[in-house]
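In what follows, a structure is listed as structure tokens, so that the remarks can point back to it.
2 protein chains.
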Amino acid sequence: MAAQRRIDLVLDSVKRLQRVGAAANLLNLLQKQHPADLAQIFSELPDKDREAAFSVLAERNGRLAMEAISELGHEAGAALLATRSAEEIAKLAQEIASDDAAALIDYLPEELSGAVLDLMRPKESGVVENLLEYEEQTAGRIMNPNVFALSEDLTVGEAITELQTNRDVEMVFYLYVVDERRHLVGVVSLRRLLLVSPETPLKRIMTTDLISARVDMDQEEVARQVASYNLLAIPVVDEENKIAGVITVDDVIDVIKDEATEDIYRLAGVAGDERVFTPASDTFRKRLPTLGIQLVTLFAASAVVAVFEKTIGRVTALAVFMPIVAGMGATAATQTLTVIVRGIALGELTLSNSRKALLKEASIGVGNGILLGGVAAIVAWAAKGDPVLGVLLGAAMIINLFIAATAGTLVPLGLRAVKVDPALASSVVVTTMTDVIGFASFLGLAMVFLRYLAKT
Amino acid sequence: MAAQRRIDLVLDSVKRLQRVGAAANLLNLLQKQHPADLAQIFSELPDKDREAAFSVLAERNGRLAMEAISELGHEAGAALLATRSAEEIAKLAQEIASDDAAALIDYLPEELSGAVLDLMRPKESGVVENLLEYEEQTAGRIMNPNVFALSEDLTVGEAITELQTNRDVEMVFYLYVVDERRHLVGVVSLRRLLLVSPETPLKRIMTTDLISARVDMDQEEVARQVASYNLLAIPVVDEENKIAGVITVDDVIDVIKDEATEDIYRLAGVAGDERVFTPASDTFRKRLPTLGIQLVTLFAASAVVAVFEKTIGRVTALAVFMPIVAGMGATAATQTLTVIVRGIALGELTLSNSRKALLKEASIGVGNGILLGGVAAIVAWAAKGDPVLGVLLGAAMIINLFIAATAGTLVPLGLRAVKVDPALASSVVVTTMTDVIGFASFLGLAMVFLRYLAKT
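Line by line, the protein sequences give chains U and E.
Each residue of the first sequence is one higher than the one before, starting from 1 at the first, in the working numbering.
Each residue of the second sequence is one higher than the one before, starting from 1 at the first, in the working numbering.
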């Protein structure tokens, strides 16, 4: 909270300085901020002021300006960057690590990104273009190709000298050791360098049993490796085990957040890359498929109701209580589904222990059905004075909550088995099932036992 | 995937060795594994085999056994630990960092944890008890009190000697510099130590503008600081700015994952600490409040339907289509809600930019209503041959999707303003609104325009 308060104060000053047009003071204030704080300040300014503030900073301190927009997120950062000319962008892009540059350039409008790459120094645009050739969401795409790797023939003293002359390699924690053909053969922690005499050959102190990621490894898997082995960085190698780059833990944190957001969003039928301020037209387009599919499935559910229209005509109280059966099914199914989908994502639920999960969920479903169905039965009886109506409502709820639990478990596991992301489609499949079975069981039972029901 | 295959192979061998009772070979195999891999192997073994494997390892390599169960998660780890005697647990607990020991002991049954603390060496149980005195989910609770801090009067050479003699301090990346009363005054990165001459005083090379966390800071805020400033570790200080501990980035990753899980779960009405294999009785108890509240709100919605029971008796087709209005409202509301709640959690949405978000969502809601309501109107007209029914359905959908969008934005922002976690209660409030308004608008319009509707 203290940090937020400080940022709010800076934000107020920024606004004030912009209002009075004090560009020099504004620059001075902005230059004192950490890139992450600048990113937050930018995000809270109105569009015009944001562009103006970025412009002031970009002209005088390109590196800080670029670091700030990298922290802002690549999509929002690129939008801000796109307000500058291609020449300026090309110059600015060379101020930051090539993986960040690549990610920002990738989000620029196509024409602009082409022009920017043409205008960059050939060596640097080559590095960026190489990165952009890897598939999205792979290790190759998010790695920093500027990796600190030393020959296995060096001594500790020579390694320290190398470290002293390469001051701008970002966040070095490990020295990667390579053979003469740049095959990754070992790793030495920075701390270990401090603990041995300068004459020691790297070969003797390096760890050869090291964890690396292939360039084509999915970024989620990379994150899982870094998280489970508590690494600060993971080296990335190509098909021949030659070192190609490094992914640091700060990038892994971004991946973990993005993947969590994606999971949350997919469960709700929202595209993984949507953000609060994604333009309305994009948002509209991205959310429409889910809504369209939902409309179709709801018509399927209403077709089930239509089958029993005559029964409803006799006992209109059925229309009053049928949303309860379907609604409780959807809520219980969402609970089960969420736990199962997250369990799969975190690696806690596997095929070998899924039977145990199914039995657990099914028993909870029946338990909920008996308890909540019982309560609903009594309320319905009291409200309409018809005990049979209550019993039918309770029975339909038991059936539907059992279905909700088993479908909520089996559907994501099944999707996973056929390599579909369980977060993506489970929700619509399962809630359609609980709608259809909820209506069918309640109205179906009512039709069968119609003669025992009080007519309205 | 390669890592998973290797673990599966080890798992098969473990099972085989357990079957034939080859304890020495089993120990040998287990000792070669990384703690994180052991944790996964343990989690995939049936309960009995897991206890047996842990027992074999704990007797011969207590440290590795304890590291493995720390990786398993504190709740599951404590359950495994609880199968041993208090004496053994006390001995094992001293093998790992006190923050991990504290977290495991905290999850033991109360009697057992008391006995374990009594049996530990007084100094170590004191440290653990201190940690457990901090509130759950605060910096103090998750920090490692064993922090590497040096006096500002030392030179770089002396600091390196200290580092060499303190080999078991885990994961040192930064040296924290303190004054004679252990107030935190600066930080020096390990890399910086390598780059200057040994005679340099720490005071001269330390950064004094450093980011720290107070012991009572919420762990989510700690994680946000580490993530946004790209730190590898954050020092934790008490009220007087004296250094109390350190939180490393690997613990921050666990916090980020747990908080993401909590957000996902709360949106679905599941308790934040539930896992796939939480015992069924606990799960049942934890999910019941949401289901109970949902049942009450569904009865409220059905009371709305009951108001229009006579109208439904005249036109039973209304019962067929009413789930569509409510269902589309719930789906659209969930989409909006999820983006808004996640935007708040990630710090992208603040009070100052919420108006923009509201206008965006409201316009999308109306757009969706016109498009999808139009489609639904045509389908209903075609199905029942009554254009008026179609028009009423379409109109009700426009109303309900507008309500879904505005409530989906305002309810979480409102909850946030009154300091209630928006993930916790938004869903039930908003879907109740879309149910009630969905039924009321559709059936209400039908009642008003009843004379124009084809009777059934």
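Glycine included, every Cβ here is placed at the ideal spot set by N, Cα and C.
In this text the structure is predicted, and so the values were computed from the model without any measurement.
Answer with yes or no whether the minimum CB distance from L117 of chain U to chain A is below 8 Å.
Within the model displayed, chain A is absent; protein chains U and E are what it includes.
Run the CB neighbour count on K48 of chain U, radius 10 Å, all protein chains shown included, and call it buried at 16 or more, exposed below.
exposed
Using DSSP's beta-bridge definition, name the partner residues of A149 of chain U.
Checking the DSSP bridge columns, you'll see A149 of chain U partnered with U:Y176.
At least one CB of chain E closer than 8 Å to the CB of F42 of chain U: is that the case?
no
Based on the DSSP output, what are the partners of D218 of chain E in its beta bridges?
E:T138
Mind checking the stretch 406–440 of chain E against chain U and listing, in chain order, the residues whose C-beta falls within less than 8 Å of any C-beta there?
Going along the stretch 406–440 of chain E in chain order, one finds D435 and F439 with a Cβ nearer than 8 Å to chain U.
Around the C-beta of E239 of chain U, are 16 or more other C-beta atoms found within 10 angstroms, so that it is buried, or is it exposed?
exposed
Which residues of chain U have a Cβ atom closer than 9 Å to the Cβ of F173 of chain E, listed in chain order?
Near F173 of chain E (Cβ distances below 9 Å), the residues of chain U are F173, L190, R191 and L232.
So what does DSSP say about S189 of chain U, is it helix, strand or coil?
Under the three-state reduction of DSSP, S189 of chain U is assigned to strand.
Mind checking who I459 of chain U pairs with in its DSSP beta bridge?
Since the first and last residues shown for chain U are 1 and 456, residue 459 of chain U lies out of range.
Under 9 Å (Cβ pairs) to chain E, residues found in the stretch 282–295 of chain U
Along the stretch 282–295 of chain U, the positions whose C-beta sits under 9 Å from a C-beta of chain E are T283, F284, R287, L288, T290, L291, G292, Q294 and L295, read in chain order.
With a threshold of 8 Å between beta-carbons, can G444 of chain U be considered close to chain E, or not?
no
Buried or exposed for S197 of chain E, please, with buried defined as at least 16 other CB atoms from any protein chain shown within 10 angstroms of its CB.
exposed
Which residues share a DSSP beta bridge with N144 of chain U?
U:V246
Let me know if N230 of chain E comes out buried or exposed under the rule of 16 or more other beta-carbons within 10 Å of its beta-carbon.
buried
How should L453 of chain E be labelled, buried or exposed, when 16 other C-beta atoms within 10 angstroms of its C-beta is the threshold for buried?
buried
What are the boundary residues of the alpha helix (DSSP H) that K419 of chain U is part of?
Element bounds for K419 of chain U: n/a, residue is neither H nor E.
Using a Cβ-Cβ cutoff of 8 Å, what residues of the stretch 333–344 of chain E are near chain U? List them in chain order.
T334, Q335, L337, T338, V339, I340, R342 and G343
Classification of M1 of chain U by the beta-carbon crowding that lies within 10 angstroms, buried from 16 upward
Confidence is the limiting factor: at M1 of chain U the pLDDT is only 45, short of 50, which leaves the residue's position unreliable, though a coordinate-based value still follows. So M1 of chain U ends up on the exposed side.
Based on Cα-Cα distance, which residue from U:T434, U:A159 and U:A24 lies nearest to L194 of chain U?
U:A159
On a CA-only basis, which of U:A68, U:E199, U:V411 and U:R355 is nearest T432 of chain U? Give me that one, please.
U:V411
Name, please, each residue of chain U whose Cβ falls closer than 9 Å to the Cβ of K360 of chain E.
V276, F277, T278, P279, A280 and T283
Identify, in the order they occur along the chain, each residue of the same chain with its Cβ nearer than 8 Å to the Cβ of V249 of chain E, setting aside the five sequence neighbours on each side.
Excluding residues up to 5 positions away in sequence, V226, L231, L232 and A233 lie with their Cβ nearer than 8 Å to the Cβ of V249 of chain E in the same chain.
Would you decide whether K455 of chain E is buried or exposed? Buried here means 16 or more other CB atoms lie within 10 Å of its CB.
exposed
Straight-line gap, Q219 of chain E to S427 of chain E (C-alpha atoms, nearest Å):
25 Å
Three-way DSSP call (helix, strand, coil) for A22 of chain U in this model:
Looking at A22 of chain U - three-state DSSP - the assignment turns out to be coil, as it is neither helix nor strand.
Would you mind sorting V448 of chain E into buried or exposed? The rule is 16 or more other CB atoms within 10 Å of its CB.
exposed
Considering only residues of the stretch 247–308 of chain E, which uninterrupted alpha helix (DSSP H) runs meet the minimum length of 4 residues and lie entirely inside it, listed in chain order?
Those alpha helix (DSSP H) runs which fall completely within the stretch 247–308 of chain E and span 4+ residues are 249–267 and 280–307.
Roughly how many whole angstroms lie between the Cα atoms of A213 of chain E and A396 of chain E?
51 Å
7 Å Cβ cut-off: residues of chain U touching L206 of chain E:
Strictly speaking, residue 206 of chain E in this sequence is Met, with Leu absent from that position. Near M206 of chain E there are no residues of chain U at all, since even the closest Cβ is about 17 Å away, more than 7 Å.
Establish whether the CB of G269 of chain E and some CB of chain U are separated by less than 8 Å.
At least one CB of chain U lies nearer than 8 Å to the CB of G269 of chain E.
Between which two residues does the alpha helix (DSSP H) containing F54 of chain U stretch?
Note, F54 of chain U: alpha helix (DSSP H), D47 to R60.
Name the chain E residues that come within less than 8 Å of S70 of chain U, Cβ to Cβ?
By Cβ distance, chain E contributes nothing, its closest Cβ being about 10 Å from S70 of chain U, past 8 Å.
Across the stretch 198–209 of chain U and the stretch 132–140 of chain U, are there enough close Cβ pairs to call them in contact, namely three or more that are closer than 8 Å?
no
Can you look up T316 of chain E in the DSSP assignment and give me helix, strand or coil?
coil
Paired residues, beta bridge with L184 of chain E - DSSP
E:V178
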